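The block underneath contains the structure these notes are about, expressed in structure tokens.
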Amino acid sequence: MKHILPYLLIFVGMSVTGCSSVTSLPFIQKGETAAPGRPDRLPDATGPEKGASVQPPRLYPRQEPDVSDFELRPYQAPAPGKPSAEPSTSQPEIRPGECWVQAVIHPKPVRKPVDIVVRDAVNDIDVTPAEIEPAWQKVVVREGGITYRIEPPVYKRVIEKVVVRPEIRRTIVVPAVYEEQESVIEIEAARTVLERCKVSTAVRSSDIPVQALCARLIPARSKTVKRKLLVQPETTREEVEPAVYKEITRWVIETPARAVPVETPPEMGSMRVRKIAAPEQVEEEQLPPQVRHFVTTQYEGSPSIIFRRVLCDQEVTPERIQALQGALKQAGFDPGTSDGKLGKRTFAALLEYQRQNGLAHGALTHESLEQLGIKAAH
20 MKHILPYLLI
30 FVGMSVTGCS
40 SVTSLPFIQK
50 GETAAPGRPD
60 RLPDATGPEK
70 GASVQPPRLY
80 PRQEPDVSDF
90 ELRPYQAPAP
100 GKPSAEPSTS
110 QPEIRPGECW
120 VQAVIHPKPV
130 RKPVDIVVRD
140 AVNDIDVTPA
150 EIEPAWQKVV
160 VREGGITYRI
170 EPPVYKRVIE
180 KVVVRPEIRR
190 TIVVPAVYEE
200 QESVIEIEAA
210 RTVLERCKVS
220 TAVRSSDIPV
230 QALCARLIPA
240 RSKTVKRKLL
250 VQPETTREEV
260 EPAVYKEITR
270 WVIETPARAV
280 PVETPPEMGS
290 MRVRKIAAPE
300 QVEEEQLPPQ
310 VRHFVTTQYE
320 GSPSIIFRRV
330 LCDQEVTPER
340 IQALQGALKQ
350 AGFDPGTSDG
360 KLGKRTFAAL
370 LEYQRQNGLA
380 HGALTHESLE
390 QLGIKAAH
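Heads up: the sequence shown runs through residues 20 to 397, numbered per our numbering.
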């Protein structure tokens, strides 16, 4: 009840004053203009910063619009030096006779089923012991081994050339060749300017603000510049000094030394042991876990303040309220008796529907009616 009471006060204030004096909810009533001391502009959802200038919304003659749900944003003035454009299409047209409200959009609740294991799976284990019987087994009494016989390496004589001084390559730079030329460069292009002048076909007076302009050609400006043009780029040439070698005699290994293995076999014996005739058997039965089902609620988005169009007093008819009650009941909400009156239960059901569907919360808006499939008055 604490949460519903402020919105009931808003609705009662709308019914008594005709949407003209609800605290902190700026409206534009039929035939009403901005009064002294009353704000004549609607801030955006977050509100303008302190000292910031906000353009007032423009008022137009009443027309039949195609949509009934708008998002109010401050009008953005064109940048200096650019021609003025038409008002932004995101700026709603606020017409005489309409009622608007500043409302809150709460985060949309999203319900998701969750399964929780209250008892884990249980294992029922049955163990059958292993069967053991006597047997004979061969064992190593003395291990065998490997000994090695070393064969020396075999050498041979070879003559090789050794580099005393390596080949040397020197790079010599050949300078570039240039040619001087004169070129004419256009410093400033020719242009046409408009200057004030007097013409007999145009008359300027206090009643006729006409200014005659004549076009004058300003010739281009040029300058002669000396340039160095590359005739032949800088190149290089290479000089090579051959390498110097010397012959030496070396003894190299033709056949390397190697170890020839000599194997000694192991000595075996027999001993009496006990072996497993049948291995141990484990039978396991899996008991399923116990699961409980829950429904969790998550919230999408964050709270925001936005302007929405609402029904004025003359638009709140019993037929429309009765259609609202039927639509709320069909959507799964309890508006109470379908009596055509916007009572506490009907308004509470509307608030809950708006919160569950992420709509502007706290007033009978055109947005909520169209979401419920009810045609709102334009």
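Where is the CB? At the ideal position from N, CA and C, for every residue including glycine. Keep in mind it's a predicted model, so treat the numbers as computed, not measured.
In the structure shown, Ile393 adopts coil according to DSSP, grouped into three states.
For Arg184, the enclosing beta strand (DSSP E) stretches over residues 173 to 184. If you check the CB distance, Ala262 and Pro171 do not come in under 8 Å. Here Arg277 is bridged, per DSSP, to Glu170.
Take the alpha-carbon of Lys175 and the one of Ala276: they are about 14 Å apart. Leu361 and Pro115 have their C-alpha atoms spaced approximately 25 Å apart. In this structure, Gly381 is the residue among Arg311, Gly381, Lys217 with its C-alpha nearest to the C-alpha of Ser323. Pairing Leu232 with Glu214 gives a Cβ-Cβ distance under 8 Å.
Around the beta carbon of Ser387, 16 or more other beta carbons lie within 10 angstroms, which makes this residue buried. Under DSSP, the beta-bridge partners assigned to Tyr264 are Val182. DSSP places Gln230 outside both helix and strand once states are collapsed to three, so it counts as coil. Approximately 5 Å separates the beta-carbon atoms of Glu258 and Arg189; this is inside 8 Å, confirming the contact. Within the segment 315 to 383, the complete alpha helix (DSSP H) segments at least 4 residues long are 337 to 349, 363 to 375, listed from N- to C-terminus. In the three-state reduction of the DSSP assignment, His385 falls in the helix class.
Take Ala239, set aside five residues on each side of it, and the residues of its chain with a beta-carbon closer than 7 Å to its own are Glu205, Glu207, Ala208, Ala209, in chain order.
When the Cα atoms are used, Val292 and Ile144 turn out to be separated by approximately 31 Å. Judged by DSSP secondary structure, Ser241 falls within the beta strand (DSSP E) whose first and last residues are 240 to 251. Rounded to the nearest whole angstrom, the C-alpha separation of Glu150 and Val301 is 14 Å. Where Thr147 is concerned, the enclosing beta strand (DSSP E) starts and stops at 141 to 147. Rounded to whole angstroms, the gap between the alpha carbons of Ala140 and Gln305 is 7 Å. Counting along the chain, no beta strand (DSSP E) covers Thr220, and no H or E run does either. The residues Val244, Arg246, in chain order, have a CB closer than 6 Å to that of Ser202 in the same chain once the five nearest residues on each side in sequence are set aside. Across the structure, Cys118 and Cys331 are spaced so that their CA atoms are roughly 6 Å apart.
In chain order, Val136, Arg138, Asp139, Ala140 place their CB closer than 7 Å to the CB of Pro308, counting only its own chain and leaving out the 5 sequence neighbours on each side. Beta-bridge annotation (DSSP): Ile204 is paired with Lys242.
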